[in-house]
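Going by this note's numbering, the first residue of the sequence shown is number 15, and it counts up by one from there. What follows is one structure encoded as structure tokens, with my remarks underneath.
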Amino acid sequence: MAIANRIHFLSFLRKGPTMCVSATLFAPLLLSACVLSVSSLATDSPELTDTFGSLYTTNLKEFNDFPIYFDRKIPEWLKGNLIRNGFGQFENGKRHFLHMFDSFAKLSSWKITGNNTALFSTKFVKSSTYNQSMATDDIAPYLTFIGVEPPFSRWKQFKSIINGLDNMNVNVYSYHKTAKANGQDGKGCFALTDYWKMYEFNCTTLQTISAFEAPVPQKSSLGFLNLISTAHPLPEFGTNNSLLFLSTLSLVPWVKSSVKFIRIHTAEKREVIASVPVDQIPYMHSFSTTEHYGILFCHPMYLNIPKFLKEMHPFDGMDWYGDRPIDVNIINLKTGEIIKMKTENSFVMHHANAYEDEDGNIIVDAVGYDDPLFVKSMLVENMVNPAKRKNIPFSAQIRRYIFNVQNKTSKVHTFSRPSNETFLTRFDFPTINENYRSKPYCFLYGVALRAIDNNLTSIALIKKDVCEKGRDKYYYKTGVYVSEAIFVPTPNAEEEDDGVLLLPAADASTNKHYLYVIDAKTMTLISQAELPTTVPYTLHGHFIPEKL
15 MAIANRIHFL SFLRKGPTMC VSATLFAPLL LSACVLSVSS LATDSPELTD
65 TFGSLYTTNL KEFNDFPIYF DRKIPEWLKG NLIRNGFGQF ENGKRHFLHM
115 FDSFAKLSSW KITGNNTALF STKFVKSSTY NQSMATDDIA PYLTFIGVEP
165 PFSRWKQFKS IINGLDNMNV NVYSYHKTAK ANGQDGKGCF ALTDYWKMYE
215 FNCTTLQTIS AFEAPVPQKS SLGFLNLIST AHPLPEFGTN NSLLFLSTLS
265 LVPWVKSSVK FIRIHTAEKR EVIASVPVDQ IPYMHSFSTT EHYGILFCHP
315 MYLNIPKFLK EMHPFDGMDW YGDRPIDVNI INLKTGEIIK MKTENSFVMH
365 HANAYEDEDG NIIVDAVGYD DPLFVKSMLV ENMVNPAKRK NIPFSAQIRR
415 YIFNVQNKTS KVHTFSRPSN ETFLTRFDFP TINENYRSKP YCFLYGVALR
465 AIDNNLTSIA LIKKDVCEKG RDKYYYKTGV YVSEAIFVPT PNAEEEDDGV
515 LLLPAADAST NKHYLYVIDA KTMTLISQAE LPTTVPYTLH GHFIPEKL
């Protein structure tokens, strides 16, 4: 394999000074959890000179049920709790995280109560790594995506491997807690990352309850290397179950490593549907499901054990092969049968949706990148520095993968647009109307960077018509930085796009952060509610509708 086609991730680390913010801002303190007065709106946010950079700047403030008010009327039926997970603190004591994915997890919620009002809360996930870090005024030795500066000693690096990943800052998901649980009342809320372990938290107050780790189907002697999973579980079609995968590393020559596809009945009760043997453990962030199948894209980004043990960080211990195809494993959810196929090379972060068409083909829509450089480039120092973030690549593109399981052939379809509208196909963070999960559907919603101009911070919210009937739309306002949008359907809606999109946004014209409500049909802003503080970037979220 040509060396040019192989990326050794350590070489992309860029050392240097990180963001300059008053050290007093990062003192380990907790504000009162009581509701703060509205008069504090003008003083509760850190002093900002770069609104985009505020998304990657520490905010230690915690709020509990702070009332916020929409500036225009929102639909009367829109009631429930939007919960999002993401970043909160990028340094502690003398150390700082190099990559934004390592920021201490912080949950935010917006309880929409009616009368154009919502209650805003935000709290840190009180994980072991967070608690130990706060107690020592340092960053505790747990595994990180890339690392910290100043770096840990070799002893602390080994200790971080033993401690494993503990910072759950990627997503939230609701699991049934008991076999008899029905409805949301029988579910618990969990904070997730690409790991088997989770943290349960109170869905209403956001208070951390405890760490949770279900029994592991097959243990390895290498701790965390046996616990690589996904932050994106999916519901199993027509059931109350969920699905995910778990990687199992083998160091025994006659036993292959594997990726297990797992059915989750409750948070603790899990069963292995199939075990996919692999020569190398691939890194996968998400996957797809249809009514009858689970689909794993084992793209050629593999764990390199000697390299990992040298670098001591998961992402630095992986190799990317740009000249190899994706190994696709299609798993029959009923029988566990595995159909092996291949498709063209791509680094796939987020699967959008999948379904079986009338001819029995499996259709998978997913966002692919040319390579993992975009992810690697999201160092904190790059995100808060306007000059440096100009050089961050963004090659995301929505692709449709069509698999004929009968003759084991595949093809890839890209959605074309005029040259001045290519951003309508080049986006990430895809979401859908979840009522159409694993079914034929038409509409995807996502976030496009470098949208209207070539600046990374030119960000548009995209509505993509994958049925290609000319219904693409987008929301864009100069200096507004949107994030993943959660679709909330209108009750008893007959059309797929009848509903609203809920998302946090930061507006450079006011230097303030908001909750947006956008009409999913027209992609126009219905209303916005000003927040009492900055909300560092949130990655993914979940809406829990109020019971009628």
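Where is the CB? At the ideal position from N, CA and C, for every residue including glycine.
- 8 Å or more divides the Cβ of residue 520 from the Cβ of residue 123.
- Here DSSP, grouped into helix, strand and coil, assigns residue 321 to helix.
- Taking a C-beta distance under 8 Å as the contact criterion, residue 242 and residue 261 qualify as a contact pair.
- Inter-residue distance for residue 153 and residue 167 is about 12 Å (C-alpha atoms, whole angstroms).
- For residue 205, the CB contacts under 7 Å within the same chain, skipping 5 residues up- and downstream, are 99, 119, 121, 139, 182, 186, 212, 213 and 215 in chain order.
- Taking 8 Å as the cut-off, the Cβ atoms of residue 522 and residue 493 count as close.
- The alpha carbon of residue 403 has as its nearest neighbour, out of 449, 469 and 268, the alpha carbon of 469.
- When DSSP assignments are scanned along the stretch 81 to 166, the uninterrupted stretches of alpha helix (DSSP H) that are 4 or more residues long and fall wholly within it turn out to be 142 to 150.
- Sequence-distant partners of residue 488 (beyond 5 residues in either direction) whose C-beta falls short of 7 Å from its own C-beta, in its chain, are 438, 474, 475, 476, 477 and 537.
- The stretch 269 to 314 contains, as complete beta strand (DSSP E) runs of 3+ residues, the segments 271 to 278, 284 to 292 and 307 to 312 (chain order).
- The Cβ-Cβ distance between residue 370 and residue 305 falls below 8 Å.
- Rounded to the nearest angstrom, the gap between the Cα atoms of residue 526 and residue 344 is 45 Å.
- For residue 182, no beta strand (DSSP E) run applies, since DSSP gives it neither H nor E.
- Under the three-state reduction of DSSP output, residue 206 falls in the strand class.
- Here residue 425 carries a strand assignment [DSSP, helix/strand/coil].
- Fewer than three pairs of CB atoms, one per stretch, sit closer than 8 Å, so the stretch 143 to 151 makes no contact with the stretch 125 to 134.
- No residue range can be given for residue 326, since it is assigned to no beta strand (DSSP E) and is classified by DSSP as neither H nor E.
- Membership of residue 408 in any alpha helix (DSSP H) is not indicated, and neither H nor E is assigned to it by DSSP.
- In the structure shown, the three-state DSSP call for residue 211 is coil.
- Inter-segment contact for the stretch 416 to 435 and the stretch 447 to 464 is absent: fewer than three beta-carbon pairs are separated by less than 8 Å.
- In the three-state reduction of the DSSP assignment, residue 68 falls in the helix class, which pools H, G and I.
- Nearest neighbour of residue 412 by Cα position, chosen from 170, 401 and 428, turns out to be 428.
- At a Cβ-Cβ threshold of 8 Å, residue 159 and residue 329 count as neighbours.
- Classified as buried, residue 455 has 16 or more neighbouring CB atoms from the shown chains inside 10 Å of its CB.
- Excluding its 5 nearest sequence neighbours in each direction, residue 223 has C-beta neighbours in its own chain below 7 Å: 214, 215 and 216, listed in chain order.
- Within the same chain, and ignoring the five residues on either side of residue 272 in sequence, the residues whose Cβ sits closer than 7 Å to its Cβ are 262, 289, 290, 291 and 292.
- Under the three-state reduction of DSSP, residue 414 is assigned to strand.
- For residue 109, the CB contacts under 8 Å within the same chain, skipping 5 residues up- and downstream, are 152, 153, 162, 163 and 164 in chain order.
- By alpha-carbon distance to residue 444, the top candidate from 467, 301, 352 and 281 is 301.
- For residue 397, there is no enclosing beta strand (DSSP E); the residue is found in the alpha helix (DSSP H) stretching over 394 to 397.
- As the crow flies, the alpha-carbon of residue 457 is around 46 Å from that of residue 267.
- Residue pairing for residue 256: DSSP places it in a beta bridge opposite 249 and 278.
- Straight through space, the alpha carbons of residue 360 and residue 190 are spaced by roughly 35 Å.
- Taking all protein chains shown into account, residue 176 has fewer than 16 neighbouring C-beta atoms within 10 Å of its C-beta and is therefore exposed.
- About 34 Å separates the beta carbons of residue 309 and residue 394, which is beyond the 8 Å limit, so they are not a contact pair.
- Looking only at 117, 107 and 75, the smallest Cα-Cα distance to residue 551 is reached by 117.
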